[in-house]
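Numbering (the numbering used here), first residue to last: 514 to 705. All C-beta atoms, glycine included, are put in the ideal place defined by N, C-alpha and C.
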Amino acid sequence: MSIPPENAPDEISLDRVYEEYVRISGVCNDYIHKSLGDIRLFGSIGALLAWDPLSRLFELDARLQQPVTPVGFLILLLVIVLVMFFDLLKQSIFFFHLQRMRELERVLNRATGGEGELFHLAGGWPDWFRRHHAPVANGFWGVFYLLVVVFPSIILYLQGYAGWLFVYLPTAGVLLGLHARCAFRVLNSLER
Numbered sequence: 514m515s516i517p518p519e520n521a522p523d524e525i526s527l528d529r530v531y532e533e534y535v536r537i538s539g540v541c542n543d544y545i546h547k548s549l550g551d552i553r554l555f556g557s558i559g560a561l562l563a564w565d566p567l568s569r570l571f572e573l574d575a576r577l578q579q580p581v582t583p584v585g586f587l588i589l590l591l592v593i594v595l596v597m598f599f600d601l602l603k604q605s606i607f608f609f610h611l612q613r614m615r616e617l618e619r620v621l622n623r624a625t626g627g628e629g630e631l632f633h634l635a636g637g638w639p640d641w642f643r644r645h646h647a648p649v650a651n652g653f654w655g656v657f658y659l660l661v662v663v664f665p666s667i668i669l670y671l672q673g674y675a676g677w678l679f680v681y682l683p684t685a686g687v688l689l690g691l692h693a694r695c696a697f698r699v700l701n702s703l704e705r
């Protein structure tokens, strides 16, 4: 089904346009719920990352007899980045649906006589995202990136694996840099 241009006569019924709008809205809600559920996965990875070194570090009478392996940190980094890219894939699909919803909103709002924007969920998202959501998301990702880079680096240094920092830090920089670049590309699609 293609959306008629602004000046074309009504080629499709508004009922069908509204049904499609409701269907895509439901799909977007599913993506939102599933993406917000990914925070549990990030939390699990964070707990896995921090549990062993912190539990042994806080045993005041014990020393770090069995250090965390540097390879373990690299594997956790790879798993974290895979989850982050998977989340970007879902976000890209979500933005595609939002773009389609904006087209449907234009048709529905035209049909209401042009008196305001009754349907403005998808059309209002880019502005809301820029003003309110992006500052919070940037703070979250900034803290998350720091935790993924700084915490393992400190543990590796404290356990005498400073040489591994020359492997871990560039790997983390490249992988997180690629993620940030792809994230900006996905976010720029919002403006279209």
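| Query | Result |
| --- | --- |
| Backbone secondary structure at Gln672 - three-state DSSP | coil |
| Same chain, Cβ closer than 6 angstroms to Phe632, five either side skipped, listed in chain order | Glu618, Leu621 and Asn622 |
| Rounded straight-line distance, which links the Cα of Val530 to that of Gly690 | 41 angstroms |
| Coarse secondary structure for Leu601, derived from DSSP in three states | helix |
| Chain-order list of residues whose beta-carbon lies under 6 angstroms from that of Asn651 (same chain, five-residue window excluded) | none |
| Residue from Asp528, Glu533, His645 and Leu700 with nearest C-alpha to Glu616 | Glu533 |
| Host alpha helix (DSSP H) of Trp641 (start-end) | Leu634 to Trp641 |
| Thr582 (DSSP reduced to helix, strand or coil) | coil |
| Cutoff 6 angstroms; reference Ser526; Cβ partners in own chain excluding five residues on either side | none |
| Inter-residue spacing [alpha-carbon to alpha-carbon] between Gly637 and His692 | 26 angstroms |
| Tyr670 classed as buried or exposed, judged by whether at least 16 other C-beta atoms fall within 10 angstroms | exposed |
| Burial state of Ala635 (16 or more Cβ within 10 Å) | buried |
| Outcome for Ala685 when other beta-carbon atoms lying within 10 angstroms are tallied against a minimum of 16 | buried |
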